[in-house]
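First residue of the sequence shown: 7, per the working numbering; consecutive thereafter.
All C-beta atoms, glycine included, are put in the ideal place defined by N, C-alpha and C.
To keep things clear, I will list the structure first and then write my remarks on it.
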Amino acid sequence: MNSRPGNPTKIVIRSSTLLFCGVVLIQLFVAQIDAQRSTSRWQTLNGDAPLVIARGGFSGLFPDSSLAAYQFAMQASLADVILWCDVQLTKDEVGICFPDLNLANASNIQDVYSTRRKSYRVNGVTTQGWFPIDFSLTELQNVSLIRGIFSRSERFDGSGFAILTIQDVNTQLLPKGFWLNVQHDAFYEQQNLSMSSFLLSVSRTVSIDFISSPEVNFFRKIAGRFGRNGPSFVFQFLRKEDFEPTMNRTYGSILSNLTFVKTFASGILVPKSYILPIDEEQYLVPHTSLVQDAHKAGLQVYVSGFANDVDIAYNYSWDPVSEYLSFVDNGDFSVDGVLSDFPITASATVDCFSHIGRNATKQVDFLVISKNGASGDYPGCTDVAYENAIKDGADVIDCSVQMSSDGIPFCLSSINLGDSTTVTQTLYSNRSTPVPEISSVAGIYTFSLTWPEIQNLTPAISNPYFRVYRISRNPKEKNSGTLISLSQFLDLAKNYTSLSGVLISVENAAYLREKQGLDVVQAVLDTLTKTGYNNGTTTTKVMIQSTNSSVLVDFRKQIKYETVYKIEETISNIHDYAIEDIKKFANAVVINKDSVFPNSESFLTKQTNVVERLKKSQLTVYVELFRNEFVSQPYDFFADATVEINTYISGAGVSGTITEFPFTAARYKRNRCLGRKEIPPYMLPIQPGGLLAIMNPLALPPAQAPNPVFVDDDVTEPPLPPVVTKAPTSTPGTPSIIAEAPSGQTRLKLSLPLSVFFLSLLLL
Numbered sequence: 007m008n009s010r011p012g013n014p015t016k017i018v019i020r021s022s023t024l025l026f027c028g029v030v031l032i033q034l035f036v037a038q039i040d041a042q043r044s045t046s047r048w049q050t051l052n053g054d055a056p057l058v059i060a061r062g063g064f065s066g067l068f069p070d071s072s073l074a075a076y077q078f079a080m081q082a083s084l085a086d087v088i089l090w091c092d093v094q095l096t097k098d099e100v101g102i103c104f105p106d107l108n109l110a111n112a113s114n115i116q117d118v119y120s121t122r123r124k125s126y127r128v129n130g131v132t133t134q135g136w137f138p139i140d141f142s143l144t145e146l147q148n149v150s151l152i153r154g155i156f157s158r159s160e161r162f163d164g165s166g167f168a169i170l171t172i173q174d175v176n177t178q179l180l181p182k183g184f185w186l187n188v189q190h191d192a193f194y195e196q197q198n199l200s201m202s203s204f205l206l207s208v209s210r211t212v213s214i215d216f217i218s219s220p221e222v223n224f225f226r227k228i229a230g231r232f233g234r235n236g237p238s239f240v241f242q243f244l245r246k247e248d249f250e251p252t253m254n255r256t257y258g259s260i261l262s263n264l265t266f267v268k269t270f271a272s273g274i275l276v277p278k279s280y281i282l283p284i285d286e287e288q289y290l291v292p293h294t295s296l297v298q299d300a301h302k303a304g305l306q307v308y309v310s311g312f313a314n315d316v317d318i319a320y321n322y323s324w325d326p327v328s329e330y331l332s333f334v335d336n337g338d339f340s341v342d343g344v345l346s347d348f349p350i351t352a353s354a355t356v357d358c359f360s361h362i363g364r365n366a367t368k369q370v371d372f373l374v375i376s377k378n379g380a381s382g383d384y385p386g387c388t389d390v391a392y393e394n395a396i397k398d399g400a401d402v403i404d405c406s407v408q409m410s411s412d413g414i415p416f417c418l419s420s421i422n423l424g425d426s427t428t429v430t431q432t433l434y435s436n437r438s439t440p441v442p443e444i445s446s447v448a449g450i451y452t453f454s455l456t457w458p459e460i461q462n463l464t465p466a467i468s469n470p471y472f473r474v475y476r477i478s479r480n481p482k483e484k485n486s487g488t489l490i491s492l493s494q495f496l497d498l499a500k501n502y503t504s505l506s507g508v509l510i511s512v513e514n515a516a517y518l519r520e521k522q523g524l525d526v527v528q529a530v531l532d533t534l535t536k537t538g539y540n541n542g543t544t545t546t547k548v549m550i551q552s553t554n555s556s557v558l559v560d561f562r563k564q565i566k567y568e569t570v571y572k573i574e575e576t577i578s579n580i581h582d583y584a585i586e587d588i589k590k591f592a593n594a595v596v597i598n599k600d601s602v603f604p605n606s607e608s609f610l611t612k613q614t615n616v617v618e619r620l621k622k623s624q625l626t627v628y629v630e631l632f633r634n635e636f637v638s639q640p641y642d643f644f645a646d647a648t649v650e651i652n653t654y655i656s657g658a659g660v661s662g663t664i665t666e667f668p669f670t671a672a673r674y675k676r677n678r679c680l681g682r683k684e685i686p687p688y689m690l691p692i693q694p695g696g697l698l699a700i701m702n703p704l705a706l707p708p709a710q711a712p713n714p715v716f717v718d719d720d721v722t723e724p725p726l727p728p729v730v731t732k733a734p735t736s737t738p739g740t741p742s743i744i745a746e747a748p749s750g751q752t753r754l755k756l757s758l759p760l761s762v763f764f765l766s767l768l769l770l
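And the structure:
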């Protein structure tokens with residue numbers, strides 16, 4: 007149903023939007039706090055901190071230019087956030103905020119006025135669509151805003167968000183900064199509508215701080231008409247190969263004459279690639295001199311194209327904060343402002359993460375535990391993954407122990423070599439075997455190869471989101487590094503005083519003892535002794551982790567290391583008896599993220615009391631698995647791994663994060679905003695369920711069945727079986743010396759030389 011002005015449905019939806027911004031997300035959206043910006047001098051033109059410009063409000067989540075998007079941006083960002091409006095004109099010469107000249111690109115207009123599509127020439131190109139010049143404001147009141155980028159959530163498309171006028175945004179929101187962008191002045195002029203006259207008229211009642219346009223003639227028309235205290239004029243550059251429509255010159259050629267731009271503008275707005283180009287492989291190349299050149303010409307530099315949920319250079323490890331920092335705090339220059347779909351991330355970057363070094367004081371205490379080293383950037387469990395995890399600030403590095411056929415314990419993320427190496431492309435591919443105790447599909451298992459054979463394998467980086475989303479990790483390093491033994495891992499850890507400990511994960515111990523004759527528990531204990539971890543020669547703490555209580559019980563019988571029990575299942579609660587059982591053999595518990603904040607179709611629904619109950623029983627709680635890729639996070643975290651980490655640490659109170667990107671978690675510990683008396687809104691934890699509260703009830707994701715409760719029967723296991731001596735087996739491709747006779751009796755299968763020897767004896 008299309009809501010109209012006065013329709014009760016739309017009134018309810020608007021009321022819920024206001025409730026959302028004022029009450030529902032209460033932990034995040036408290037009364038606006040004036041941000042205590044850094045006093046360090048910035049390398050901007052005027053030395054002030056860069057501006058955060060919210061493109062269409064918080065358009066990364068809500069429909070662009072909707073009331074909710076603008077409200078959200080103001081509540082979740084710096085106090086002086088600038089609201090951006092792409093100005094379009096209706097046929098009755100009303101200025102509206104809409105992100106595109108074609109209304110079909112971010113509204114439901116084609117459903118409302120299906121027969122009113124038209125064609126116009128726009129910058130010399132015939133374009134079909136629904137254009138604002140064909141509709142009055144009254145007609146557009148029947149149209150609702152929807153997402154303009156279809157990869158984003160559709161859950162807010164049915165919320166009835168109205169198209170807003172310039173005056174609506176000004177009077178309802180009272181923004182501290184208002185930026186109007188004029189995309190197509192020449193087009194409107196061709197239709198006998200004057201954008202410049204409209205802006206002059208509206209400026210009498212609306213405070214306009216910035217006006218931008220990609221058309222030179224537009225600035226010539228408005229030059230001198232706003233007076234000395236008028237808005238700042240910013241020339242917008244499009245792609246370098248595109249032609250500026252009023253001069254018939256490419257933007258690239260205009261860029262070479264910044265003194266000309268200075269004659270009509272005080273600033274420029276450029277795509278990110280103008281400053282930090284990316285090569286064909288999606289890696290950064292050295293930055294250009296544009297910012298310094300523009301500043302020398304007296305021009306401020308604003309940068310467009312920032313969004314958390316799009317591909318960025320591999321150099322940033324899928325971390326949007328790192329990308330922002332490369333533009334605002336790289337040591338060589340700082341841009342004067344960033345145009346962002348996710349202003350919460352831009353605000354936190356400018357105010358919390360700029361001008362802090364790796365040795366800055368930690369503002370919050372929790373353990374950053376690696377997952378297979380820095381496995382988000384390098385093949386997991388390799389020397390380079392561990393070395394970079396340490397460099398990135400991990401407190402604890404981890405080793406998932408596997409066993410080779412000759413009894414050498416080593417680090418690898420999976421017992422199946424095919425999961426993290428290129429073994430299937432080698433001569434060992436014929437060693438694939440089914441092991442139903444481990445997996446329903448056949449694999450090439452670590453116990454099928456000797457350690458020398460495994461050492462010669464090429465490691466492979468994990469790409470958990472490639473198959474579905476085509477998201478890759480650091481292709482240049484996809485096969486870097488060398489697999490290392492547990493002994494090498496422990497020796498490496500001893501060399502770094504920055505590490506507080508190591509975490510050794512032991513799985514499949516019962517199977518290895520019974521079926522392969524390999525004692526992984528004893529192998530770990532022997533290696534710890536050999537490397538000096540139980541004789542006082544190192545202060546590095548040892549943590550032993552397993553999903554099997556029997557493994558941890560076995561370790562506790564032999565030596566008093568800190569033991570960590572991992573609960574693989576997603577749980578909604580945990581019984582007291584289960585907690586008491588865990589305390590008998592474990593000091594800490596690892597749970598997954600959904601056991602803290604369950605979600606339905608990537609929207610948080612609530613917070614469980616699992617962490618609270620475990621901590622109340624004096625058990626340390628670690629949570630896994632944290633990743634930087636935006637597709638790994640529910641929408642509530644705004645495609646920002648830092649927001650997610652903050653919610654688990656500051657909101658849920660967990661004691662450590664297990665992460666494939668330790669740099670992101672380690673940097674979070676040092677952010678200056680956590681050390682303030684009043685925490686700014688962009689560094690407060692998210693309230694789960696807040697986004698669901700403002701959705702149209704018809705758009706809510708389906709209710710999920712409750713996750714199971716963890717009980718004592720889930721903890722109790724029989725003791726580990728004894729080691730069963732394994733009968734010698736042949737390596738595939740090697741002739742066996744034992745074969746089965748037709749009668750079922752064992753017979754010897756002799757080699758040719760030996761057969762000839764015995765035959766010669768019989769003939770003597």
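Would you report the Cα separation of asparagine 462 and glutamine 494, rounded to the nearest angstrom?
-> The C-alpha of asparagine 462 lies about 16 Å from the C-alpha of glutamine 494.
Is lysine 572 buried or exposed, if buried means 16 or more other CB atoms sit within 10 Å of its CB?
-> With 16 or more neighbouring CB atoms inside 10 Å of its own CB, lysine 572 falls in the buried class.
Within its chain, find whatever has a CB closer than 6 Å to the CB of tyrosine 320; leave out the 5 residues flanking it on each side and keep chain order.
-> Excluding residues up to 5 positions away in sequence, Gln288, Tyr289 and Asn480 lie with their Cβ nearer than 6 Å to the Cβ of tyrosine 320 in the same chain.
Is it buried or exposed for cysteine 405, if we count other Cβ within 10 angstroms and need 16 for buried?
-> Under this definition cysteine 405 is a buried residue.
For the beta strand (DSSP E) holding proline 277, just list the boundary residues, first then last.
-> Proline 277 -> beta strand (DSSP E) spans 273 to 277.
What do you get for aspartate 383, buried or exposed, if any count of 16 or more other CB atoms within 10 angstroms of its CB means buried?
-> Burial call: buried.
First through last residue of the alpha helix (DSSP H) which encompasses tryptophan 457 = First-last of the alpha helix (DSSP H) with tryptophan 457: 457 to 461.
With 16 as the cutoff for other CB atoms within 10 Å, does tyrosine 583 come out buried or exposed?
-> Burial call: exposed.
Cβ pair count under 8 Å reaching 3, the region 184 to 204 against the region 110 to 118 | Contact fails: fewer than three Cβ-Cβ distances are below 8 Å.
CA-CA distance, arginine 682 and glutamine 369?
-> Annotation: arginine 682 to glutamine 369 spans about 9 Å, alpha carbon to alpha carbon.
Where DSSP assigns a beta bridge to leucine 151, which residues make up the other side?
-> The secondary-structure analysis by DSSP pairs leucine 151 across a beta bridge with Ser113.
Would you list, in sequence order, the uninterrupted beta strand (DSSP E) runs of no fewer than 3 residues that lie entirely inside the region 271 to 336?
-> The region 271 to 336 is shown to contain whole beta strand (DSSP E) runs of 3 or more residues at 273 to 277 and 306 to 312, in chain order.
Straight-line gap, threonine 133 to serine 202 (C-alpha atoms, nearest Å) = Those two C-alpha atoms are separated by around 24 Å.
CA-CA distance, lysine 500 and glycine 659?
-> Between the C-alpha atoms of lysine 500 and glycine 659 there is a straight-line separation of about 30 Å.
In three-state DSSP terms, what is serine 346?
-> In the structure shown, serine 346 falls within a strand segment according to DSSP collapsed to helix, strand and coil.
Is the region 165 to 175 close to the region 93 to 107, with three or more CB pairs under 8 Å?
-> Contact check between the region 165 to 175 and the region 93 to 107: three or more CB pairs, one atom from each, fall below 8 Å, which counts as touching.
Cutoff 7 Å; reference tyrosine 517; Cβ partners in own chain excluding five residues on either side = Cβ within range, chain order: Glu443 and Ile444.
Return helix, strand or coil for valine 637, following the three-state DSSP convention.
-> Here DSSP, grouped into helix, strand and coil, assigns valine 637 to helix.
What is the DSSP secondary structure of threonine 355, reduced to helix, strand or coil?
-> The answer is helix: DSSP assigns threonine 355 an H, G or I state.
Are the region 281 to 301 and the region 347 to 355 in contact at 8 Å, needing three or more beta carbon pairs?
-> Under the Cβ criterion (8 Å, minimum of three pairs), the region 281 to 301 does not count as touching the region 347 to 355.
Do the CB positions of serine 468 and isoleucine 450 come within less than 7 Å of each other?
-> 7 Å or more divides the Cβ of serine 468 from the Cβ of isoleucine 450.
Coil, strand or helix - glutamate 650 by DSSP | Note: glutamate 650 maps to helix in three-state DSSP.
Based on the DSSP secondary-structure assignment, which residues constitute the bridge partners of glutamate 630?
-> The beta-bridge partner set that DSSP reports for glutamate 630 consists of Asn598 and Ile664.
Threonine 569 lies in the beta strand (DSSP E); which residues open and close that run?
-> Counting along the chain, the unbroken beta strand (DSSP E) around threonine 569 starts and ends at 568 to 572.
With distances taken from CA atoms, which of Glu250, Val267, Lys302 and Val334 is nearest lysine 278?
-> Nearest in C-alpha terms to lysine 278, of all of Glu250, Val267, Lys302 and Val334, is Val334.
If you run the structure through DSSP and keep just helix, strand and coil, what is glutamate 723?
-> Here glutamate 723 sits in coil by DSSP.
Hey, quick one: how far does the alpha helix (DSSP H) through valine 530 stretch, first residue to last?
-> Counting along the chain, the alpha helix (DSSP H) containing valine 530 begins and ends at 526 to 536.
Counterpart residues of arginine 255 in DSSP-defined beta bridges = Note: arginine 255 sits in a beta bridge opposite Glu250.
For proline 748, is the classification buried or exposed, using 16 other Cβ atoms within 10 angstroms of its Cβ as the cut-off for buried?
-> Its pLDDT being 33, under 50, proline 748 is placed unreliably in this model, and the value from its coordinates should be taken loosely. Under a 10 Å Cβ-count criterion, proline 748 is classified as exposed, with fewer than 16 other Cβ atoms of the shown protein chains found around its own Cβ.
Go through its chain and collect everything with a Cβ distance to threonine 464's Cβ below 7 Å, but skip five positions before and after it.
-> Answer for threonine 464: Thr427, Thr428 and Asn485, listed in chain order.
Could you work out which residue in Ile318, Ala366, Asp317 and Val307 is closest to phenylalanine 339 when comparing CA atoms only?
-> Per the Cα distances, Val307.
Please say whether glutamate 221 and threonine 252 have beta carbons closer to each other than 7 Å?
-> In this structure, glutamate 221 lies closer than 7 Å to threonine 252 by Cβ.
Are the C-beta atoms of proline 668 and some chain D residue less than 7 Å apart?
-> Looking for chain D here will not work: only one protein chain is present.
So, is glutamate 775 buried or exposed, given that buried needs 16 or more other C-beta atoms within 10 angstroms?
-> Since the displayed the chain opens at 7 and closes at 770, residue 775 lies outside it and no answer follows.
Whether serine 381 touches isoleucine 403 by CB criterion (7 Å) | Taking 7 Å as the cut-off, the Cβ atoms of serine 381 and isoleucine 403 do not count as close.
With phenylalanine 225 as the anchor, note down where its alpha helix (DSSP H) starts and where it stops.
-> Annotation: the continuous alpha helix (DSSP H) that includes phenylalanine 225 extends over 222 to 228.
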